[in-house]
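As structure tokens, the structure follows; a few thoughts come after it.
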């Protein structure tokens, strides 16, 4: 009898807090999964890039200048991310925009992978595809900011995002080289379709909190943006930190024409160098809550200047060293 009463008491105890913790853990899991999947996709989308480079260089015989101009045009959408953010915040939900982006990506990948088209149409599709990726990136970053601040997990979500991006780099290095050597850039675009479909899984299971949506005007948002000194200082720092000659494409020309490196070796080297980036991302995940970010950023500026200048001395041996340690 006493045992029955004890069992009854245990059975009747409130389960509210436990259930809430379970829901919280599930939601955080899908936040991490969605953030990881989207950033992995952002990295794996470079899979056709090596094949596309070799197509422009060795089939169309384009100069480094022409290839770099095309690359600049295709990344234009990323320069208007504030406008993309405004659009996402004032229409539909972030989750809906991710689904729209994935659907468009599948359509563009089919066109780019199955059809041989003139260069103008190829560039136009690459621009639109880049814009779709920018929408997806802004949407998932918005989810990261909202959920990360609410559950004090912003640093960990960011580290998972960058780790996923780098893991994709492990694949695109040697995988992109293999595809470029065996089939060409079109096969790379077709391989992306499976990835886009899989990303839809965490997007489906993630659910945003339903709250009253606060609408705003574009002019008002821009005034707030450019009126915030802290944001302007951060933006200026990032611009100056990243501002350096874009010498990636000329280095590929040197590796192919002067060093006589094969496609597989170039891709394998990229994969090996990315591995060290994954290790760094995991270390950041482990210590992001403990380190003095301001101090680390300060010294990284000087380190970045030294590493950039070191490319003035570029030989087959130094090229390998730079890729591994930079």
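In the numbering used here, the protein residues as written are 1006 to 1331.
We put the CB at the ideal spot given by N, CA and C, even for glycine.
In the structure shown, residue 1214 adopts coil according to DSSP, grouped into three states.
Judged by DSSP in its simplified three-state form, residue 1094 adopts helix. In terms of Cα proximity to residue 1070, the closest of 1256, 1328 and 1324 is 1256. Inside the stretch 1252–1331, DSSP marks whole alpha helix (DSSP H) runs of 4 or more residues at positions 1253–1258, 1268–1292, 1298–1314 and 1321–1330, from first to last along the chain. Note that the C-beta distance between residue 1178 and residue 1279 is below 8 angstroms.
Bounds of the alpha helix (DSSP H) holding residue 1187 are 1159–1187. In the DSSP annotation of this structure, the continuous segment of the alpha helix (DSSP H) that includes residue 1126 starts and ends at 1124–1156.
At a Cβ-Cβ threshold of 8 angstroms, residue 1047 and residue 1185 do not count as neighbours. The stretch 1196–1215 and the stretch 1071–1078 do not touch, with fewer than 3 CB-CB distances between them shorter than 8 angstroms. Straight across, the Cα-Cα distance linking residue 1156 with residue 1145 is about 16 angstroms. When the beta-carbon positions are compared, residue 1132 and residue 1090 stay at least 8 angstroms from each other. Counting of Cβ neighbours within 10 angstroms places residue 1271 among the buried residues, the total reaching 16 or more.
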